[in-house]
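The structure appears below as structure tokens.
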Amino acid sequence: MGTENWETMDIELWNVVSLGNFVQLNALANLQTAENYYRSFAAGKNNILHIAGKFGSIYCAIFIGNQVSSTTLRNLLIQPNCRGNTPLHCAVLSQHSNLVDFFISKMNGDEIKLKNNKGDTALHLAVAGESHENLKITRILVEKCPDLGKENNSSKEYPIYIAAERGSLEILQCLLRFRDFPVIGPGGKTALHVALARRNVEIVRYLVENRRELAAQKDDQGSTPLHYVASCGDLEMTRSILNAGSNQQYIAHICDNNGTYPIHVAASQGNVEIIQLILQSRRDSFELVDNSGRNFLHVAVNEGRTKVVKFLIEEGELKYFLINQQDDNGDTPLHLAVRKHDLVMVKLLLKFENLSKVLRNIDGMTALDLMDSELASSPNYQQLSLIGAELIMSGTEFSAKRLDGLKRKFPHAYQDISHLQGTTKNVIIVSVLIATVTFAAGFTIPGGYISDSGGPNAGFAVLSHVAAFKVFMISNALASTTSLYSTFVLIQSLYFTDEIAISHMIRRGKSLLLISSVGMMVAFSTGTYVVIPPDLKWFAVLVIVLLVLIPIFFRSGLVRINPVFGVTMENYLLYKNLWIFPFRKDLKIGLKWWGYKLSPKLHFFL
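Heads up: the sequence shown at position 176 corresponds to 388 in the numbering used here, and the numbers run straight through without jumps.
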């Protein structure tokens with residue numbers, strides 16, 4: 213451009229132009245020296261028109277344009293500064309529409325389309341703003357040079373894409389009058405993609421109404437706008453996309469490059485409302501599977517989205533089609549929940565009425581087999597043990613196995629029958645002793661009986677009105693009942709000849725025995741409390757605290773109570789039941805026993 217011989221700009225010239233004082237500018241430059249005087253650079257390689265554009269000095273710019281030749285003016289207008297910006301870029305950035313109008317009146321189309329170091333044209337910079345002045349500049353530029361809308365920058369952004377990203381609806385409306393303007397941005401995303409990502413409902417609605425074809429357009433990853441909105445969970449924008457003209461018939465059935473459909477995306481994010489809208493649009497969307505053969509329930513289970521699973525439990529017939537579907541690995545949603553060691557999810561899936569509990573994957577494993585294999589290698593033993601208990605209590609089956617194979621695999625879980633029977637007899641002695649003590653305590657009650665032979669309350673307990681006495685009677689009855697039942701179970705085990713059955717009965721007896729022991733401790737503490745005088749209640753409280761502290765300290769070791777069988781689920785369940793609710797799970801497992809007493813499956817877990 214012939215700028216090699218240009219000199220450093222006179223600071224007085226810079227001051228005059230930046231202030232817009234064209235009268236003083238006229239005094240500085242006469243017609244004989246104007247050409248050379250204006251051929252100078254300020255800091256940042258800015259020429260005199262860059263400065264006028266930045267500071268909005270319209271009269272100075274017009275004055276300079278009238279003083280210099282057309283060649284010099286052209287060189288000044290197309291000359292880039294250190295950032296690649298021409299004076300037109302500077303005027304746009306400073307939002308001076310009058311200067312923009314003046315500059316482009318002196319430039320041709322190719323000159324107007326010049327780009328800076330980032331590849332931005334003047335229009336890229338104009339649409340990036342949201343002010344009314346930006347809107348005026350945008351209109352001036354597209355009317356003078358419509359081809360500006362077809363230029364992208366170094367980030368592969370077209371002006372419409374930038375306007376949608378920045379959220380300027382009026383500028384977007386101005387640009388969309390030109391149907392041939394591209395709407396693409398980085399990664400193949402369209403203006404609709406980015407508007408959805410920014411959650412700009414107004415722009416989304418306008419784009420869908422005026423460029424409906426965008427609703428089905430994919431980015432470089434194959435994602436449609438519905439994939440985007442399914443991930444963010446906005447209901448209004450989802451309705452707009454699904455109602456995009458003829459696209460509503462198939463838009464939910466477009467997958468990305470990974471074979472993932474919008475309903476899978478919604479399930480992975482737990483967006484139940486979006487799933488419902490998609491199903492309302494296309495009821496058959498529940499049939500869609502990804503590249504792994506997984507339906508949206510598989511995806512929800514794999515991501516731990518309990519809201520989606522609860523929705524399906526409450527849904528009508530849809531749950532019957534999904535719960536037993538297998539992916540390409542043969543895994544059902546229940547298999548995936550076990551793989552994730554997700555106890556909450558397993559419990560939810562077991563509530564499905566038509567859940568098949570014997571389906572095997574391509575490795576020939578049922579959900580219970582899978583839990584078994586995970587148990588051998590995972591450090592998350594307790595969680596898997598509880599999952600195993602839930603599966604067994606629900607009737608989940610192992611695949612067919614030989615009993616001797618289980619013995620070889622778990623030799624620590626099998627003991628000699630004579631040794632087991634010896635253990636049984638020892639435990640029976642303890643249970644009988646507790647039953648005897650608690651039975652006697654039920655009649656030799658604290659405080660004695662009312663001895664008034666003539667009164668209406670003769671023979672009644674003296675302390676029957678005291679709350680602690682009532683607790684004593686309840687806990688003593690619990691201890692007596694459970695110890696008697698423990699004795700019955702243990703005696704019954706002596707008649708079994710199978711070590712699996714004997715082992716289970718011993719454990720059941722021990723569970724009941726532990727409950728009776730706790731009941732006896734509570735009975736002792738409340739019985740002591742009720743007979744101590746009111747002025748020594750602190751002493752009674754001390755006794756109770758001592759009795760309570762022992763099981764609290766012992767509690768952390770309950771899961772290791774059995775030195776022969778190691779850390780077993782039985783012990784952990786006992787720990788859980790003792791401190792939360794003693795009867796519910798114990799009763800369930802006890803009743804289930806009669807259906808599985810000769811099966812190897814309960815032996816390992818119980």
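Using N, Cα and C, we set each Cβ at its ideal position, and we do this for glycine too. From a predicted model like this one, the values you see are computed outputs, not experimental measurements.
Candidates the options: closest to residue i by CA position
{"i": "residue 340", "options": "600, 467, 373, 303", "result": "373"}
{"i": "residue 429", "options": "442, 395, 409", "result": "395"}
{"i": "residue 278", "options": "390, 254, 318, 298", "result": "318"}
{"i": "residue 707", "options": "367, 740, 480, 637", "result": "637"}
{"i": "residue 408", "options": "538, 443, 392", "result": "443"}
{"i": "residue 743", "options": "564, 658, 730", "result": "658"}
{"i": "residue 733", "options": "547, 529, 369, 755", "result": "755"}
{"i": "residue 416", "options": "499, 221, 724, 446", "result": "446"}
{"i": "residue 452", "options": "438, 581, 462", "result": "438"}
{"i": "residue 571", "options": "538, 596, 592", "result": "538"}
{"i": "residue 551", "options": "574, 493, 590", "result": "590"}
{"i": "residue 300", "options": "281, 283, 258", "result": "258"}
{"i": "residue 358", "options": "367, 386, 331", "result": "386"}
{"i": "residue 349", "options": "329, 330, 308, 364", "result": "308"}
{"i": "residue 731", "options": "641, 717, 683", "result": "683"}
{"i": "residue 555", "options": "392, 516, 574, 304", "result": "516"}
{"i": "residue 821", "options": "388, 392, 433, 393", "result": "Nothing about residue 821 can be read from this structure; the chain reaches only from 213 to 818."}
{"i": "residue 280", "options": "652, 248, 219", "result": "248"}
{"i": "residue 425", "options": "367, 757, 404", "result": "404"}
{"i": "residue 305", "options": "284, 533, 604, 343", "result": "343"}
{"i": "residue 177", "options": "250, 275, 508, 239", "result": "Not covered by the structure: residue 177. The range shown for the chain is 213 to 818."}
Cα-Cα separation between residue i and residue j, rounded to whole angstroms
{"i": "residue 813", "j": "residue 514", "result": "Residue placement at residue 813 is flagged as unreliable, the pLDDT there being 35, under the threshold of 50; a coordinate-derived value is accordingly withheld."}
{"i": "residue 759", "j": "residue 562", "result": "40 Å"}
{"i": "residue 320", "j": "residue 254", "result": "26 Å"}
{"i": "residue 687", "j": "residue 726", "result": "13 Å"}
{"i": "residue 704", "j": "residue 722", "result": "14 Å"}
{"i": "residue 633", "j": "residue 693", "result": "23 Å"}
{"i": "residue 176", "j": "residue 288", "result": "Residue 176 lies beyond the stretch modelled for the chain, which goes from 213 to 818, so this question has no answer here."}
{"i": "residue 330", "j": "residue 398", "result": "14 Å"}
{"i": "residue 290", "j": "residue 400", "result": "31 Å"}
{"i": "residue 227", "j": "residue 256", "result": "16 Å"}
{"i": "residue 232", "j": "residue 273", "result": "9 Å"}
{"i": "residue 870", "j": "residue 380", "result": "Outside the displayed range of the chain (213 to 818) lies residue 870, so it cannot be described from this structure."}
{"i": "residue 689", "j": "residue 751", "result": "26 Å"}
{"i": "residue 558", "j": "residue 738", "result": "41 Å"}
{"i": "residue 486", "j": "residue 612", "result": "42 Å"}
{"i": "residue 450", "j": "residue 314", "result": "45 Å"}
{"i": "residue 685", "j": "residue 654", "result": "7 Å"}
{"i": "residue 518", "j": "residue 481", "result": "11 Å"}
{"i": "residue 781", "j": "residue 471", "result": "Any answer about residue 781 is weak, because its pLDDT of 40 lies below 50 and its placement is not dependable; what the coordinates show is given next. Rounded to whole angstroms, residue 781 to residue 471 spans 40 Å at the Cα level."}
{"i": "residue 270", "j": "residue 362", "result": "29 Å"}
{"i": "residue 302", "j": "residue 454", "result": "43 Å"}
{"i": "residue 778", "j": "residue 596", "result": "Legend: pLDDT at residue 778 = 34, less than 50; position of this residue unreliable, no value from coordinates given."}
{"i": "residue 237", "j": "residue 378", "result": "39 Å"}
{"i": "residue 656", "j": "residue 698", "result": "23 Å"}
{"i": "residue 346", "j": "residue 506", "result": "49 Å"}
{"i": "residue 462", "j": "residue 494", "result": "8 Å"}
{"i": "residue 535", "j": "residue 587", "result": "24 Å"}
{"i": "residue 384", "j": "residue 371", "result": "9 Å"}
{"i": "residue 573", "j": "residue 393", "result": "52 Å"}
{"i": "residue 644", "j": "residue 761", "result": "26 Å"}
{"i": "residue 364", "j": "residue 376", "result": "15 Å"}
{"i": "residue 678", "j": "residue 724", "result": "28 Å"}
{"i": "residue 757", "j": "residue 717", "result": "34 Å"}
Burial state of residue i (16 or more Cβ within 10 Å)
{"i": "residue 748", "result": "exposed"}
{"i": "residue 584", "result": "buried"}
{"i": "residue 600", "result": "buried"}
{"i": "residue 334", "result": "buried"}
{"i": "residue 719", "result": "buried"}
{"i": "residue 406", "result": "buried"}
{"i": "residue 316", "result": "buried"}
{"i": "residue 268", "result": "buried"}
{"i": "residue 476", "result": "buried"}
{"i": "residue 641", "result": "exposed"}
For residue i: DSSP bridge partner residues
{"i": "residue 396", "result": "402"}
{"i": "residue 220", "result": "253"}
{"i": "residue 258", "result": "254"}
Nearest-angstrom beta carbon gap, residue j and residue i [assumed within contact, 8 Å]
{"i": "residue 468", "j": "residue 435", "result": "5 Å"}
{"i": "residue 650", "j": "residue 691", "result": "5 Å"}
{"i": "residue 479", "j": "residue 520", "result": "5 Å"}
{"i": "residue 836", "j": "residue 298", "result": "Because the chain spans 213 through 818 in this model, residue 836 falls outside it and cannot be assessed."}
Check: residue i C-beta below 7 Å from any heavy atom of the ligand PLP
{"i": "residue 321", "result": "No copy of the ligand PLP appears in this structure; indeed no ligand is present at all."}
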